[in-house]
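J.: Under my numbering, the residues of the sequence shown are numbered 16 to 566, in order. We put the beta carbon where it would ideally sit given N, CA and C, even for glycine. Okay, here's the structure, questions in a sec.
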Amino acid sequence: MIKRREFLCGAGAAAGLTLIHKLSPIAVAQSVDARVEVVLDETLGTISPNVYGHFVENLSGVVYDGIWVGEDSRVPNLQGIRKELVQEMRKIKPPVVRFPGGCFADSYDWRDGIGPVEKRPRRTNFWYGDEKAAAPDSHRYDPNQFGTNEFVQFCRLIGGQPYLAANLRSLPAEEFYRWVEYCNSPAGSTTLADTRAAAGFKEPFEVRYWGVGNEAWGCGGNFTPQEYASEFRRFTTWVPGYKLEMAFIGSGPDGSNWQWTRGFFEDMVRKSKDQLRTLHGWSLHHYAWNLSRGKTRDWNGGKGDAVKFDPVDWYEVLREGDRMESMITGHWQIMGEYDPEHQVKLVVDEWGPWYRPGSELTPGDQLEQLPTLRDAVFSGMTLDTFNRHSEKVEIACCAQLINCLNSLYLAHEDKFCITPVGHVFAMYADHQGGESVRAEFSAPSVHYDRDGQDASFWGLRGSASLHGKELVLTAVNPGVKDGLTAQIAVRGARVSSAEASVLSAADIHARNTFEQPQNVIPKNENVEVKAELVTFRFPASSVTKIKLHLV
Ligand code: AHR
């Protein structure tokens, strides 16, 4: 139960906040539940637009039905790509999209997906074994209608950069080299450039980001970190860059597997310090899946339901997701032992909650789940974490874009809806490219019953970024019962006006469906600005963006 508290200058506030108050002449006594203090001259680095990236795997309904409907479809499309998806994505400024997996990547032969579509082979999809009876054939047997050309076309339509994940487990390094050649060799320079031109793409695709395998500790080959380090070197040595600065991304750890990061980096520098120069980014995957409250570690048994849950499950999934922050700082610290200048950045290219099957809007779509308000709060919390660690995280990709885990959109045939997660991405797009500045949140923790024990979770948290004379502040209130009235102080400028956009609902299970696509949508709210103080009430279970105009 959150208790209303009196905040006086420094008294009773968190340590960080007290420190700021000693410096700040602007704080005044006021009865509020929480305080937010933004310190404009404490910058944390530029927020890479790429942390607002996406992940598209050739998995069940993600590509076929989600993105690709085909040129002859009655579903409005742009060269076979779902038009409504393109239109919606343009609004959220998608910076980068990872494709074709995921586990799928390490079974994929890129040559199957180029050349005339009618000649492309059908192949068994990596995920075919778990497809349900209701799934269409294209989910079991890959028709290869959506290959490299179509993916790059999709990226161009939405205005994002392609990030391709290479097959390290089941293709030789030469094939990686050739895929790069197909994508990037100059017009007319190679046979593969001619093949590309014959498909209508004379100029190179200029793919800069390349994942070197995926989850090499598991589906990507079951390597040890030392074995993978040696494979990584073999795959990336002397790959032609043409005029591009190639950015290779190594297959990093699963969650807090510190040994994987240490083992890999140790092996790389043991060979020679220079080896790390070929590594641009180190990927990190974290799914919040275990809602068993310590009862099991079983991958299936530990999962919770996407739409039927109690408040305890709400907090548990947020707790699991909030481990992201310690994973970022933990891996970063280990990486720094071998790369003190931190040339290698983190790439969180799979993140999100993962629930058990059963909530899918389209029966038969494997791994599809129906995002609720809980997932919106989860996503806001995670994006805020990336913003706060902008000097460490260069790319992040939400898993996955459509018809899958933490999807922004759901679609089937001509039906389409934006999920609460999609709305969060639209709200947070304003952070892209801004200067992340320190924002201290002080609010009472939320308490809840965890199998008879008192458990707690923080009460209000977020991030802030500066864009010239505009400050973008985002925050989530994870408490399911109480709104929080907060006083927001901006140190280093005066606020002339502010407006808020809030995503919330009376029911924590609220979600959007094909029939009711507007259940959870952001609403504009007034923000009180008096003298130098801004006051705002953050509703229970909400995600909020406040734009503050500074003078
Ligand atoms: O996103 C689904 C799967 O989760 C990906 O294919 C894999 O990389 C991860 O384990």
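Which two residues bound the contiguous alpha helix (DSSP H) that contains Phe472?
T.: It is not in any alpha helix (DSSP H) - Phe472 instead sits in the beta strand (DSSP E) that spans Gln468 to Phe472.
J.: So, at 6 angstroms on beta carbons, what are the nonlocal neighbours of Ile41 in its own chain, with the 5 sequence-adjacent residues on each side left out?
T.: Interpretation of Ile41 is limited by its pLDDT of 47, a score under 50 that renders its predicted location unreliable; no figure is taken from the coordinates.
J.: Output the distance between the C-alpha atoms of Gly95 and Tyr156, rounded to the nearest integer angstrom.
T.: Approximately 19 angstroms between the Cα atoms of the pair.
J.: What residue range is occupied by the uninterrupted beta strand (DSSP E) comprising Ser341?
T.: Looking at the DSSP string, Ser341 is not in any beta strand (DSSP E); the run it does join, the alpha helix (DSSP H), is Pro326 to Tyr353.
J.: Spell out the partners DSSP gives Ala426 in its beta bridges.
T.: Paired residue(s): Phe431.
J.: In whole angstroms, what separates the C-alpha of Trp297 from that of Ser185?
T.: Straight-line Cα distance between these residues: approximately 21 angstroms.
J.: Going by DSSP in three states, Leu93 sits in which element: helix, strand or coil?
T.: DSSP places Leu93 in strand when its eight states are reduced to three.
J.: Ends of the beta strand (DSSP E) at Trp366?
T.: Residues Lys360 to Pro368.
J.: Can you tell me the Cα-Cα spacing of Val535 and Asp269, whole angstroms?
T.: Looking at the two C-alpha atoms, the distance is approximately 32 angstroms.
J.: Decide if the region 332–341 is in contact with the region 385–405; the criterion is three or more beta carbon pairs, one per stretch, under 8 angstroms apart.
T.: Cβ pair count under 8 angstroms is three or more, so yes.
J.: In the structure shown, what three-state DSSP assignment does Phe440 receive?
T.: Helix.
J.: Where does the unbroken beta strand (DSSP E) through Lys106 begin, and where does it stop?
T.: Looking at the DSSP string, Lys106 is not in any beta strand (DSSP E); the run it does join, the alpha helix (DSSP H), is Lys98 to Lys106.
J.: Taking DSSP's pairing of strands, which residues face Gly296 in a bridge?
T.: DSSP lists Ile264 and Lys360 as partners of Gly296.
J.: Hey, would you say Glu365 sits closer than 8 angstroms to His300, going by beta carbons?
T.: In this structure, His300 lies closer than 8 angstroms to Glu365 by Cβ.
J.: Reducing DSSP to helix, strand and coil, say where His524 ends up.
T.: Looking at His524 - three-state DSSP - the assignment turns out to be coil, as it is neither helix nor strand.
J.: Whole angstroms are fine: how far does the CA of Gly203 sit from the CA of Phe247?
T.: Distance between the alpha carbons of Phe247 and Gly203 is about 30 angstroms.
J.: Which same chain residues end up closer than 6 angstroms to Pro554 when comparing Cβ atoms and leaving out the 5 residues on each side of it in sequence?
T.: The answer, listed in chain order, is Gly498 and Ser519.
J.: Return the first residue and the last residue of the alpha helix (DSSP H) that Ala208 is part of.
T.: Ala208 -> alpha helix (DSSP H) spans Thr206 to Ala213.
J.: In whole angstroms, what is the alpha-carbon distance linking Thr239 and Ser245?
T.: Going from the Cα of Thr239 to the Cα of Ser245 covers about 10 angstroms.
J.: Val549 by DSSP, collapsed to three states: which one?
T.: Val549 falls in the strand class under three-state DSSP.
J.: Closer than 8 angstroms is the cut-off here; do at least three beta carbon pairs connect the region 165–172 with the region 137–153?
T.: Cβ pair count under 8 angstroms is below three, so no.
J.: Measure from the alpha carbon of Pro493 to the alpha carbon of each residue in Ala49, Val558 and Gln502, then state which is nearest.
T.: That would be Val558, whose Cα lies nearest to the Cα of Pro493.
J.: Report yes if the C-beta distance between Val132 and Leu183 is below 8 angstroms; otherwise report no.
T.: Contact: no.
J.: Kindly give me the distance between the Cβ atoms of Ser460 and Ser471, rounded to whole angstroms, as I take these residues to be in contact under 8 angstroms.
T.: Indeed, because the Cβ distance is near 4 angstroms, the residues count as touching under 8 angstroms.
J.: Using 8 angstroms as the Cβ pair cut-off and three pairs as the minimum, do the region 337–354 and the region 404–411 touch?
T.: Segments in contact, yes.
J.: Could you check where the beta strand (DSSP E) with Tyr123 kicks off and where it finishes?
T.: Where Tyr123 is concerned, there is no enclosing beta strand (DSSP E), given that its DSSP letter is neither H nor E.
J.: From the DSSP output, in three-state form, read off Ser374 for me.
T.: Ser374: coil per DSSP, three-state reduction.
J.: Among residues of its own chain, excluding the 5 on either side of Ser39, which ones have a beta-carbon nearer than 8 angstroms to its beta-carbon?
T.: With a pLDDT of 45 at Ser39, under the threshold of 50, the modelled position of this residue cannot be trusted; read the value that follows with caution. Closer than 8 angstroms at Cβ, skipping near neighbours: Glu52, Ala504 and Arg506.
J.: Starting from the Cα of His69, find the closest Cα among Phe456, Ile417, Ala525 and Trp83 and give me that residue.
T.: It is Ile417.
J.: Are Phe456 and Ala490 touching if we call contact CB-CB under 8 angstroms?
T.: Yes, the pair counts as a contact, with Cβ atoms nearer than the cut-off.
J.: Taking buried to mean at least 16 other C-beta atoms within 10 Å of its own C-beta, is Ala212 buried or exposed?
T.: When all chains shown are included, Ala212 counts as exposed.
J.: Reducing DSSP to helix, strand and coil, say where Trp194 ends up.
T.: Trp194 falls in the helix class under three-state DSSP.
J.: Could you tell me if Pro91 is buried or exposed, where buried requires 16 or more neighbouring beta carbons within 10 angstroms of its beta carbon?
T.: Classification of Pro91: exposed, given that the 10 Å Cβ count is below 16.
J.: DSSP has Thr500 in a bridge; who is on the other side?
T.: Looking at the DSSP assignment, Thr500 forms a beta bridge with Arg552.
J.: Less than 8 angstroms between the beta carbons of Gly81 and Ala414, yes or no?
T.: Cβ atoms of Gly81 and Ala414: not closer than 8 angstroms.
J.: Tell me which same chain residues have a C-beta within less than 8 angstroms of the C-beta of Leu11, skipping the five on either side of it?
T.: Because the chain spans 16 through 566 in this model, residue 11 falls outside it and cannot be assessed.
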